Amino acid sequence: AVAGLVAMLGLRHTPLAPKIDEADGDNRRRTALIDALRQPAYRAALVANLADSWAAMGVRNTLVPLFVVESLHRGTVWVGVGFALVAATNAAVLMPAGKLVDDRGRRPVIVAGCVLSGTAMVALPLAPDLVGYLGAMLIFGLGSGSLDVAPAAVVGDVAGKRGGTVVAAFQMAGDGGWVSGPIVAGWVADASSFATAFWVTGGVLAGAAVLAARAADVR
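Position in the sequence shown (first residue = 1) + 124 = the numbering used here.
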């Protein structure tokens, strides 16, 4: 409510986008979703966003707390410490990742983010102690921070001036990871083990990395 009130007062005389010149065909042309989906870089961004949401908002927020308590036999305070470490490293990497995305391209950062996040997921059950857990959370924060930047940059490149549907599909891909990650990984953990669920998540991120590596940079 406060944010909305500030926007209403501060932006009441400010257009959020330039007015469309009816004589300018480029401005009036919308970027169709089907055209965006024909671009491998955009498809890679969709899958990367799904995989990141699967791991970050799905598995991390649901399975990692259970893993800390049931497998590491640590108190819930260590869940908070691990999450704080993820948040701190995530925030620290955002600006450097943004600069790297602009200087070196989108593809390398997407691949690196997927590899880092996937490595963290795989490492969690391989080093089942407090040091291994905190190390994995640190690595995961670096990877997830990279994936907060690079796929969105691809979407901005593809969407252009009038690509609302293209952006919406990208957000929906992330929502798909939010929904499917906890359900699938939770089922795997119940049917097998925490380790298998984390490794499946690592596999999803590895698949996103391969798809991004095979796609030409959109710029």
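Glycine included, every Cβ here is placed at the ideal spot set by N, Cα and C.
This structure is a prediction, so every number in the text was calculated from the model and none was measured.
Given residue i as reference, the closest of the options once Cα atoms are compared
i	options	result
residue 260	187, 173, 210	210
residue 234	292, 330, 129, 252	330
residue 212	223, 263, 157	263
residue 192	324, 228, 258, 230	258
residue 184	245, 236, 297	245
residue 253	242, 228, 203, 236	203
residue 297	166, 134, 125	166
residue 338	223, 158, 168, 129	168
residue 156	282, 201, 317	282
C-alpha distance - residue i paired with residue j, whole-angstrom precision
i	j	result
residue 315	residue 217	36 Å
residue 274	residue 341	11 Å
residue 164	residue 232	15 Å
residue 136	residue 311	49 Å
residue 322	residue 190	12 Å
residue 132	residue 138	10 Å
residue 326	residue 319	10 Å
residue 284	residue 250	44 Å
residue 214	residue 271	10 Å
residue 336	residue 205	32 Å
residue 199	residue 248	17 Å
residue 295	residue 130	25 Å
residue 134	residue 229	35 Å
residue 201	residue 194	14 Å
residue 147	residue 219	Low local confidence applies: a pLDDT of 48 at residue 147 is under 50, so the model's placement there is unreliable, and no value is given.
residue 207	residue 196	15 Å
residue 276	residue 324	24 Å
residue 328	residue 309	11 Å
residue 125	residue 317	43 Å
Beta-carbon spacing of residue i, residue j below 9 Å
i	j	result
residue 221	residue 301	no
residue 160	residue 290	yes
residue 267	residue 239	yes
residue 187	residue 293	no
residue 237	residue 280	no
residue 333	residue 242	yes
residue 162	residue 287	no
*Can at least three beta-carbon pairs, one atom from the segment 172–181 and one from the segment 304–321, be found at a separation below 8 Å?*
Segments in contact, yes.
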